[in-house]
Amino acid sequence: MPRRRMMPISEEIIDEAIKVGERIGIPYLVLVEKILSSVLRIMQHKGNILEVLSMVDALDDIKRLGGILFPASMVNSSLINFKSDSFQTLCNEYIKMCTWFGELSRIKRSATVNEFKSVLTLWLPTASMDVSHNGDDYKFVIGFLGYSPEVVSLARCIIEGLIRGYDLNASEMIVKDFFIVVRVRGFVEE
1096 MPRRRMMPIS EEIIDEAIKV GERIGIPYLV LVEKILSSVL RIMQHKGNIL EVLSMVDALD
1156 DIKRLGGILF PASMVNSSLI NFKSDSFQTL CNEYIKMCTW FGELSRIKRS ATVNEFKSVL
1216 TLWLPTASMD VSHNGDDYKF VIGFLGYSPE VVSLARCIIE GLIRGYDLNA SEMIVKDFFI
1276 VVRVRGFVEE
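In my numbering, the protein residues as written are 1096 to 1285.
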């Protein structure tokens, strides 16, 4: 049996653990130990547990909105063969879905620069991204090297929907070759 140590934890946390433990049917001491064990295992690979939990919550929101995971190579080759009207329909669906997602995320997690960057990374996992700022204006440079122009066009739809949903203001959005440059303002302070 592993050695155990006493550790002070606030009564509020213990009370919450008791409620959750009762709801899921395990003793709160076992629950707390499982939580700590799982969190430490995750932190060995990902340093910021709050970011990990936020991403898990965001993925769950995408699933609820009808989003699915799809291999990037298949997306790339499939989009090349889309007809113009079908592509526009797909783009409109992404704008609508990302707007809903952004509204939900803004309410749940706020519209900070880090939240928006994390969400862009979640929606555009194969893209490279650079963020700079000048005062309240943030410039996002998003690259899609090795992907078709159709992927870049679809990414524009995703970004447009997220900006709407987070209630941000885009002063410019430039789509050129395999890059999207967007200047955004309206983030809340972190």
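Glycine included, C-beta positions come from ideal geometry on N, C-alpha and C. The structure displayed is predicted, hence computed values, not measured ones.
Given a cut-off of 8 Å, decide if residue j and residue i are closer than it, judged by their beta-carbon atoms.
| i | j | result |
| --- | --- | --- |
| R1259 | G1197 | yes |
| I1113 | Y1123 | yes |
| G1241 | D1262 | no |
| R1204 | K1234 | no |
Can you name, in chain order, every residue of its own chain whose Cβ lies under 8 Å from the Cβ of residue i, other than the five neighbours on each side?
| i | result |
| --- | --- |
| T1194 | G1256, L1257, R1259 and G1260 |
| F1177 | L1185 and E1245 |
Residue i to residue j, Cα distance in whole Å?
| i | j | result |
| --- | --- | --- |
| V1247 | F1239 | 7 Å |
| V1236 | T1216 | 12 Å |
| D1231 | M1102 | 43 Å |
| R1100 | V1115 | 23 Å |
| E1245 | F1182 | 9 Å |
| S1105 | K1129 | 18 Å |
| N1264 | E1210 | 16 Å |
| G1120 | D1110 | 15 Å |
| D1272 | A1206 | 29 Å |
Enumerate in chain order the residues of its own chain whose CB-to-CB distance from residue i is below 7 Å, with the five nearest sequence positions on each side excluded.
| i | result |
| --- | --- |
| V1214 | A1153, S1200 and L1257 |
| V1127 | A1112 |
With distances taken Cα to Cα, identify the nearest neighbour of residue i among the options.
| i | options | result |
| --- | --- | --- |
| V1134 | I1121, R1280, V1279 and L1148 | L1148 |
| Y1189 | E1128, L1164 and I1254 | I1254 |
| V1276 | E1284, R1251, N1264 and L1263 | R1251 |
| S1227 | T1221, V1208, W1218 and S1243 | V1208 |
| I1202 | K1141, S1179, D1156 and T1184 | D1156 |
Among the residues of its own chain, which have a CB less than 6 Å from the CB of residue i, if the five just before and after it don't count?
| i | result |
| --- | --- |
| S1223 | G1238 |
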